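Trainee:
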Amino acid sequence: MNQRRASEGNKYLCIRCADPTCKNEQCQKPGRLTTSTFEGVGFMGKVKKAVQEVLRPALKSSHTQPSPDAPLAQRLKYDLLLPPTGIVSRLVTLALLAFMIWAALWSVLGSQMLLHGNVLGLYMIVLVGLAAGWLVERMRLAPLLGMLIVGALFRNVYPIDFARYVDSKWSSVLRNLALTVILTRAGLGLDQDAIRKRLGAVMSLALLPTFGITIFIAILAHYMINFPWLFSAALGFLISAVSPAVIVPIMLVFQEQKLGQGKGIPSLIIAAATICDVIAICGNSICLGVALSNGSLAFNIAAIFLTFIVGFAFGIFVGWILVYFPSGDDDTASIFRFVLLLCSGALCIFGSKIANLSGAGAIGALIVPVVASRGWRHKGYGDSIQKIAAALKSCWYILQPLLFGLIGAAVDIATLKPDKVGLFIGLLFAAHAVQLLVTYLATFRFGFTWKENLFLAISFLPKATIQAAIGATALDIATKNRMSYEYIQLGADTLNCAVLAILFFAPIGGVLLMATGGYLLDKPSLLPTMAVTPATTTSRDSKPANNLRGPVRKDEDTGTVNGSFVADQYDVRRRGSSNQVNESRQGRRSR
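Final position of the sequence shown in UniProt numbering is 591; the numbers increase by one with none missing.
(1) Are at least three pairs of beta-carbons, each pair with one atom in the segment 145 to 165 and one in the segment 367 to 377, less than 8 Å apart?
(2) Would you say the beta carbon of residue 158 comes nearer than 7 Å to a heavy atom of the ligand GDP?
(3) What residues in its chain sit with their C-beta under 6 Å from that of residue 190, if we drop five residues either side in the sequence?
(4) Would you call the segment 376 to 396 and the segment 167 to 185 in contact, with 3 or more CB pairs under 8 Å?
(5) Exposed or buried, residue 376, counting other C-beta atoms within 10 Å across all chains shown (16 or more means buried)?
(6) Under the three-state reduction of DSSP, which class applies to residue 81: helix, strand or coil?
(7) In or out: residue 54 buried (at least 16 other Cβ within 10 Å) or exposed?
(8) Looking only at DSSP bridge pairs, what is residue 59 linked to?
(9) Cα separation between residue 287 and residue 414?
(10) At the level of alpha carbons, what is the spacing between residue 187 and residue 93?
(11) Less than 8 Å between the C-beta atoms of residue 218 and residue 233, yes or no?
(12) So residue 332 and residue 283 are in contact, right, with Cβ under 8 Å, and what is the actual spacing, rounded?
(13) Under 8 Å, with one C-beta from each stretch per pair, do the segment 341 to 358 and the segment 302 to 315 reach the 3-pair mark?
(14) Considering only the beta carbon of each residue, do residue 167 and residue 118 sit closer than 8 Å?
(15) Identify whether residue 167 lies in helix, strand or coil by the three-state DSSP scheme.
(16) Take residue 200 and list the residues in its own chain whose beta-carbon comes closer than 6 Å to its own, dropping the five residues that flank it on each side.
(17) May I ask you to report which of helix, strand or coil DSSP gives residue 316?
(18) So, helix, strand or coil for residue 483, using DSSP?
(19) In the structure shown, what three-state DSSP assignment does residue 335 receive?
(20) Which value, in whole angstroms, describes the spacing of the CA atoms of residue 143 and residue 381?
(21) So which of 400, 197 and 390 has the shortest CA-CA distance to residue 148?
(22) Could you tell me the alpha carbon to alpha carbon distance between residue 603 and residue 508, rounded to whole angstroms?
(23) Residues in the same chain with beta-carbon distance under 8 Å from residue 488, minus the five sequence neighbours each way, listed in chain order, please.
(24) Would DSSP call residue 397 helix, strand or coil?
(25) Would you call residue 459 buried or exposed, if buried means 16 or more other Cβ atoms sit within 10 Å of its Cβ?
(26) Note down the Cα distance separating residue 208 from residue 418, rounded to an integer number of angstroms.
(27) At a Cβ threshold of 8 Å, is residue 374 touching chain E?
(28) Alpha carbon to alpha carbon, how far is residue 443 from residue 449? Give it in angstroms, no decimals.
(29) Using a 10 Å radius around the Cβ and a threshold of 16 neighbouring Cβ atoms, would you call residue 390 buried or exposed?
(30) Can you grab the Cα-Cα spacing for the pair residue 318 / residue 299, in whole Å?
(31) Measuring CB to CB, does residue 107 end up less than 8 Å from residue 464?
Put into structure tokens, the structure is as follows:
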């Protein structure tokens, strides 16, 4: 008999299942199988049934799905059952994606994606930096804190010191590219009207804290650490620079949340920080140039004015060109604008370094999108601006862990000398206390509340980008020119001080900004804007239409009266109709 059936009661097995209790419709039908086929299916069916029996406790089908309101541990336990779902499935997917990306890059780059490889170090900084930033953000802290910690660990902790093998040129290029993206984003979102109205506050915020902390550090470093006056001043300018990489992303978040928008505080901080960095870079270059005989004093002083002129001129010229080319507001024009804007910003940043005018790059990269976006809005290309901003935000998602991870990797603890670390830390905290006070007083007479003044003072605490970029300049010049041990030691001490400034004040400043922004800045009003209109009465003895004393507050768009909505409208109509009835009755009686 070449047909066999395996049955249990009235239920038959089919080729799809080896379980006689299966409720699949196909299992209710007898399967017509040959002897050889049935024997093969029977063996595999037995294997499958045995595996199911072993795995039955770990299968989701053997457990009841918890409700969405169940405790987290219970829901997580259910997600771990086979097949995984929820957050467990997402984590497995991300791990698989990370492995596949690594494998694809390894197949192309070979040894660069193995241990001690340059690209592997960058890949690990991005991968772990994103995870650390996500975890820190869940704790209501700035994500840059986790990324900085990851970079510092990957530089100083063996055997995970992936960042130690990242090429310094690659690191510099990627940091500057990330800075280009963030400055371009800042220029697009800059509130130009608020800056124009409060230009005095911008200049006061940029100049007074910069020179205040520079003078304080110069005096303290000369008498406390025995620095020469010029090296002390160079150190002061170095530490006074604010980190745009820390400040600008946080200010953009506050702009999206409409925090401080009434007085344009986020835009004011971005503009003042850019000017502060230009002054700090130029001041540091002048002091080191004179101290190390690197160029004439007259040229170094003239470089300050040249930096501002070149930065503004290039930014205005390129921004004006981008207003007219390309034309239109379609997707293709938006793509061209995005590429041109990003390339012009990169040209500003990298070209200024070739011309030895580093400060001009930051100014140009900020001015180009400011001028271009103003012209685009005037021409009605608002949709294009939104698309460019969204594309830049996506770029920043990948470049953010690279920037902060590489800044953290610049912290080489092995270069720190224990005998001077305590002095440097004391110097830095004292200097930033003075900077906090000077910044608070710098904007005191410009119409800000004490909370806003305090937030402005906190916004100048973060240090990272400029310190990582030019912190080693003195040491590089002294080593390259083969100067005496004294100058080399001064350069090393300057670098150590910059490293400690990054280590302490990048996370402290970023965390304080994120933590205090919601409390110190004004929030957008949830109620509609009310227009005050005089109360109307129908007779000499009648009361205001809404039964409230004082003027009637009415919203012209929604019909809102004194903060209430439809009910007050009906109340006004009802009282108006009753007044008309009373007037008609009085008229009849007079007749």
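In this text, a Cβ means the ideal position worked out from N, Cα and C, and glycines have one as well.
All of these numbers come straight from a predicted model, not from anything done at the bench.
Mentor: Taking the definition as stated:
(1) no
(2) As presented, the structure is devoid of all ligands, the ligand GDP included, so that no description of it is given.
(3) 267 and 370
(4) yes
(5) buried
(6) coil
(7) exposed
(8) 82
(9) 27 Å
(10) 37 Å
(11) yes
(12) Not really, about 45 Å apart at Cβ, beyond 8 Å.
(13) yes
(14) yes
(15) coil
(16) none
(17) helix
(18) coil
(19) helix
(20) 33 Å
(21) 400
(22) This structure gives no information on residue 603, because the portion of the chain shown stretches from 1 to 591.
(23) 475, 478 and 479
(24) helix
(25) buried
(26) 33 Å
(27) Among the chains in the structure shown there is no chain E, since it carries only a single protein chain.
(28) 10 Å
(29) exposed
(30) 27 Å
(31) no
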